[in-house]
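So for the sequence shown, my numbering puts the first residue at 900; every next one is plus one. For every residue, glycine included, the Cβ atom is placed at its ideal position computed from N, Cα and C.
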Amino acid sequence: MKENIHHLLEKYSQNTCTKEELRIIEAWFMEIGAESEGTFLSDERVESILNKLKSSPRFAEKYSIEEPNQGRVLPIKHRSLAKVASIAAALLLICGITFFLMKDYSHSETVVMADIAPGGNHAYLTLSDGTKIALADTINGRIAEQQGTQITNEETGTLVYSMNFKNNKLVFPTDAYNYNTIETPKGGQYQVVLPDGSIAWLNAYSSITFPVQFSPFERKVKVTGEVYFDIATQYESTDQKKRIPFLVETSKQTIEVLGTQFNVNDYRSDQMEVTLITGKVKLISKDITKNVFLSPGQQALVRDQVYVIQADIERALAWKNGDFIFKNEKLGDILEQVSRWYNIDINCPAHLTSLKFSGMVSRERPLSSIITMLESTGTVKAIRKGRRSIVIE
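Laid out in structure tokens, this is it:
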């Protein structure tokens, strides 16, 4: 019966159910609603879910009441809220074990463990002379100057490099280029405006190394972890038609860019992801002789070979947009992301890591939001061990 319902729910989501299949699903919805009424969601939470489901015409038509001649959807009566919440949850249980959490999810009435706050704007800047600066503890404003480039820290969690100009022309260093490194710890993120005006967003446990001034012929940086780039277009001073290439070096390849937006995820030792949003990039692999070009909307998976697939942009950029988005992902991979962002150690038995979950949760929520939703599936349980350690059972 369970497999049959999952099959019918899949057809329901695709609007391909017959009248008889719709009758079966609706009867099942009502049965679940009767069992769950008043047991697991507040009215505010239900209304939040309903707002998210407004885009489903059939759902709105069947379970909402329209004011005559107005076409405005009115709130469903209090008594039926829990039933509709059950329906909403059922719609989300189409593929595997699913949890779903909106950005405005209210705090659970049952606190299962002392909470851990989400990550924030934390990073360390290492100057060319080895000086290490904790940016979160630094007074906003100019914090250093190297080779004529001013380095300014802004309260928005942004480090800005302003190159040296003289008579409206860039002044390049005559000696060796100085390099800086910005690294985020677990539970940290930061934004950097590079000397050429390009912008890099660093996810937790990531780094970027770059010269305080780029050369007039090449811009090259080195990254680890996950970084999103918005590259500024620059032309050579001697040839205004020739763009200065931008190169991103990772552990597995070099990415050549001309002016584009893309995301690099190089956390895993066995795979790297490059997701192209706009523009064009060339992947120059260290171990594979053939170069690969990406077009907007494509993603390269770099393993023993390079595989190009259609990108899920929403999922790839979720971290930059302040969310976690999981789509049929292994529990082990989910916990790695959670561990990095909340700066905690999570131990999970090998036989549970392959369980797959789907869902969405704001990165601004405390750790309990994710733990509560994972536990609500009934398949895993989290036990707090020490201040920053959790064991999954």
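Kindly list the residues whose CB is nearer than 7 Å to the CB of residue i, restricted to its own chain and excluding five residues on each side of it in sequence; keep chain order.
i, result
"A988", "Its pLDDT being 45, under 50, A988 is placed unreliably in this model, and the coordinates cannot settle the point."
"Q1170", "L1200, V1201, R1202"
"H1006", "Reliability fails at H1006, whose pLDDT of 40 lies under 50, so the model's placement of it is uncertain and the value that follows must be treated cautiously. Correct list: empty, nothing qualifies."
"I1224", "E1213, R1214, A1217, M1259"
"T917", "none"
"T1048", "Y1060, S1061, M1062, N1063, P1094, V1111, Q1112"
"Y1104", "T1083, P1084, K1085, G1124, R1239"
"C994", "Note on C994: pLDDT 34, under 50, position unreliable in the model; the coordinate value appears next. Result list for C994: N1227, S1257, in chain order."
"V1205", "L1182, S1184, I1187, V1191, A1199"
"T1037", "N1052"
"N1164", "E1125, M1171, E1172"
"K1284", "V1290"
So the alpha helix (DSSP H) residue i belongs to, where does it begin and stop?
i, result
"Q1236", "1230-1241"
"A1099", "Per DSSP, A1099 belongs to no alpha helix (DSSP H); it is in the beta strand (DSSP E), 1098-1101."
"E1274", "1266-1275"
"L1251", "1249-1252"
From what residue to what residue does the beta strand (DSSP E) around residue i run?
i, result
"E1053", "1048-1053"
"I1183", "1180-1184"
"L1024", "1023-1025"
"R1118", "1118-1129"
"A1281", "1281-1283"
"E1221", "As written in the sequence, residue 1221 is Gly, which differs from the Glu given in the question. First-last for G1221: undefined, no H or E at that position."
"N1246", "1244-1246"
"K1031", "1031-1033"
"Q1152", "1152-1156"
"L1058", "1057-1061"
"P1094", "Run containing P1094: none; DSSP gives neither H nor E here."
Nearest to residue i by CA position, among the options, is which residue?
i, options, result
"P1084", "Y1078, F1128, L1034, V1120", "L1034"
"T1030", "A1099, Q1045, G1040, N1020", "Q1045"
"V1260", "Q1088, R1287, V1237, A1103", "V1237"
"Y1134", "S1168, V1126, E1117, K1121", "E1117"
"N1102", "G1124, I1245, V1059", "G1124"
"L1216", "T1174, I1243, N1190", "T1174"
"I1015", "S1114, M1272, A1043, S1268", "S1268"
"V1091", "F1109, A1249, N1246", "F1109"
"K1185", "E1148, I1176, N1164", "E1148"
"H1250", "W1240, G1231, D1244, A1131", "G1231"
"E1155", "K1284, I1130, Q1204, D1165", "I1130"
"Q1197", "T1278, T1132, S1257, A1210", "A1210"
"E1053", "P1115, E1228, Y1089", "Y1089"
"T1055", "N1077, L1026, T1080, H1021", "H1021"
"K1255", "R1264, E1228, L1266", "E1228"
"Y1078", "T1132, T1057, K1140, D1028", "D1028"
"I1098", "T915, I1038, V1120", "V1120"
"P1248", "S1114, G1221, P1265, T1278", "T1278"
"E1235", "T1252, G1221, Q1204, D1222", "T1252"
"R1287", "V1205, P1265, I1245, Y1076", "I1245"
"M1272", "I1208, P1115, S1257", "S1257"
"P1195", "A1043, N1039, I1208, I1176", "I1176"
"S1114", "P1144, K1140, V1122", "P1144"
"I1233", "V1207, I1208, L1266", "L1266"
Leaving aside the five residues before and after residue i along the sequence, list all residues of the same chain whose C-beta is less than 8 Å from its C-beta, in chain order.
i, result
"K1280", "E1274, I1291, E1292"
"E960", "Any reading at E960 needs caution, since the residue's pLDDT is 46, under 50, leaving its predicted position unreliable; the model's value is listed next. So no residue of the chain qualifies."
"R1167", "none"
"K1226", "D1211, R1214, S1257"
"R1262", "P1017, G1018, W1218, G1221, D1222, F1223, W1240"
"T1132", "R1142, L1157, G1158"
Based on DSSP bridge pairs, tell me the residues matched to residue i.
i, result
"V1173", "V1163, A1199"
"E1263", "Bridge partners of E1263: none, in fact."
"I1212", "Answer by DSSP bridge pairing: none, since I1212 is not bridged."
"G1087", "G1019"
"E1044", "Q1049"
"G1258", "F1225"
"I1289", "I1245, R1283"
"T1080", "T1025, T1108"
"F1192", "K1181"
"F1145", "R1118, V1156"
Skipping 5 residues on each side, what residues in its chain have a beta carbon closer than 6 Å to that of residue i?
i, result
"T1153", "L1146, I1183"
"I1032", "L1024"
"T1051", "R1041, V1059"
"Y1127", "W1100, N1162, K1219"
"G1178", "G1158, T1159"
"F1192", "K1181"
"I1081", "A1022, L1024, V1091, I1107"
"V1011", "Below a pLDDT of 50, predicted positions are generally treated as unreliable, and V1011, at 42, falls in that range; the measurement from the model is reported next regardless. Cβ neighbours of V1011 beyond the five flanking positions: none."
"N1242", "K1085, G1086"
"Y1076", "P1110"
So, is the C-beta of residue i closer than 9 Å to a C-beta in chain C?
i, result
"S1027", "Given the protein chain composition of this structure (a single chain), no chain C is represented."
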